[in-house]
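Novice: Submitted below is the structure of interest, expressed as structure tokens.
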Amino acid sequence: MMSLHALHWNVDPILLQVGPLAIRWYGLFFAAAFLVGFRIMTWIYRREGTDPASLDRLLVYMLAGALLGARLGHVLIYDPQYYFTYPLEIFKIWEGGLASLGGAVGVFLALYLVTRRPGSQRYLWLLDRVVIPTALGGALIRVGNFFNSEIVGTPTARWWGIVFDRVDPLPRHPVQLYEALVYGLIFLVVLGAYTHRGPMLRDGWLLGVFLVLVFGARFLLEFVKTPQAAYEAGFVLTVGQLLSLPCIVAGVFLLARARR
129 MMSLHALHWN VDPILLQVGP LAIRWYGLFF AAAFLVGFRI MTWIYRREGT DPASLDRLLV
189 YMLAGALLGA RLGHVLIYDP QYYFTYPLEI FKIWEGGLAS LGGAVGVFLA LYLVTRRPGS
249 QRYLWLLDRV VIPTALGGAL IRVGNFFNSE IVGTPTARWW GIVFDRVDPL PRHPVQLYEA
309 LVYGLIFLVV LGAYTHRGPM LRDGWLLGVF LVLVFGARFL LEFVKTPQAA YEAGFVLTVG
369 QLLSLPCIVA GVFLLARARR
């Protein structure tokens with residue numbers, strides 16, 4: 129399945145090295161996701177007459193929840209045996225190994241803690257707004273995965289197949305870019321719905337749309353993604369697909385609830 133005309137991708141994951149300090153492409157896109165998300169949330173709060181001063185605390189909670197959840201999700205879901213054998217490796221986040229679903233769970237829990245404080249916004253109200261920048265952030269993070277040559281797709285003979293030289297010589301689906309494009313489109317959908325109907329939307333509706341679209345897309349794209357866990361061999365569905373199903377069901381439930 130090798131192709132002489134396939135695009136070869138061999139970008140160094142490290143953008144800049146200054147002594148022991150390494151600035152990685154993935155870290156750059158991860159930081160951009162949070163910075164852009166902060167700007168979007170500031171715009172949303174001001175649009176609705178809500179004091180954006182509380183966003184600093186919100187950002188800290190979300191960042192901590194995303195990092196802890198994503199790392200623990202990767203450790204527990206994709207390679208628990210390795211990390212239980214070498215537990216100190218869990219702390220080496222800079223070497224990669226973050227699970228997006230774990231990050232989402234971490235953010236959900238962090239936001240729940242935020243809304244427990246007196247005078248805070250309603251939990252679903254906040255989630256409905258947070259999913260807007262989250263969709264765009266997901267797109268940016270997938271571009272970071274592309275620069276890292278990780279989460280690659282299955283081999284393909286299509287003309288747009290890319291050879292990830294750091295993986296093997298086979299042209300593969302650039303599934304990271306597929307996901308980035310889809311998440312970017314979902315961002316436009318939820319942003320458009322909020323912009324045109326925001327005050328009229330019932331709590332949980334935008335979150336439901338987000339869950340159905342994001343995890344529905346992920347379920348389909350997993351068919352052209354290489355397995356992320358060694359124990360997936362022989363599974364009818366991947367771990368990513370199995371974890372996406374309850375998220376889709378939760379989204380459908382929220383949409384049905386919002387229509388009552």
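Under the numbering used here, the sequence shown has 348 at position 220, and the numbering climbs by one with no breaks.
Glycine residues also receive a C-beta, built at the ideal position from the N, C-alpha and C atoms.
Here the structure is a predicted model, which means the values were calculated and not measured.
Round the Cβ separation of V303 and F292 to the nearest angstrom and send it over; I've been treating them as touching at under 8 Å.
Specialist: 11 Å between Cβ atoms; not a contact.
Novice: DSSP has F381 in a bridge; who is on the other side?
Specialist: DSSP output for F381 lists no bridge partner at all.
Novice: Using a 10 Å radius around the Cβ and a threshold of 16 neighbouring Cβ atoms, would you call W171 buried or exposed?
Specialist: exposed
Novice: Which residues in the same chain have their Cβ closer than 7 Å to the Cβ of Y211, if we skip the five residues on either side of it in sequence?
Specialist: V203, E217, I218
Novice: Rounded to whole angstroms, what's the CA-CA distance from D140 to F275? Just pull it up for me.
Specialist: 8 Å
Novice: Please state whether DSSP places H133 in a helix, a strand or coil.
Specialist: coil
Novice: I need the DSSP call for Q145, collapsed to helix, strand or coil.
Specialist: Here Q145 sits in strand by DSSP.
Novice: I need the DSSP call for I290, collapsed to helix, strand or coil.
Specialist: strand
Novice: Hey, how far is the Cα of I269 from the Cα of F158?
Specialist: Cα to Cα, I269 sits roughly 6 Å from F158.
Novice: Roughly how many whole angstroms lie between the Cα atoms of G332 and L298?
Specialist: Taking the straight line from one Cα to the other gives about 43 Å.
Novice: Quick one: residues in its chain with C-beta nearer than 8 Å to the C-beta of M129, no 5 flanking neighbours on either side, listed in chain order?
Specialist: Unreliable placement is indicated for M129, whose pLDDT of 49 sits below 50; the coordinate value is still reported in the next sentence. Excluding positions up to five away in sequence, the list reads P283, T284, A285, L298, P299.
Novice: Indicate the three-state DSSP secondary structure (helix, strand or coil) for A358 in the structure shown.
Specialist: Three-state DSSP puts A358 in a helix.
Novice: Roughly how many angstroms lie between the CA atoms of H133 and D296, to the nearest whole one?
Specialist: 16 Å
Novice: On the criterion of 16 or more Cβ atoms from any shown chain inside 10 Å, does P374 qualify as buried, or is it exposed?
Specialist: By the 10 Å Cβ count, P374 comes out exposed.
Novice: Among I221, L143, M190, which has the Cα closest to the Cα of R199?
Specialist: I221
Novice: Could you tell me whether the segment 247-255 touches the segment 322-341, where touching means 3 or more Cβ pairs closer than 8 Å?
Specialist: yes
Novice: Please classify Q145: is it buried, with 16 or more other beta-carbons within 10 angstroms of its beta-carbon, or exposed?
Specialist: exposed
Novice: So what's P302 in DSSP terms, helix, strand or just coil?
Specialist: coil
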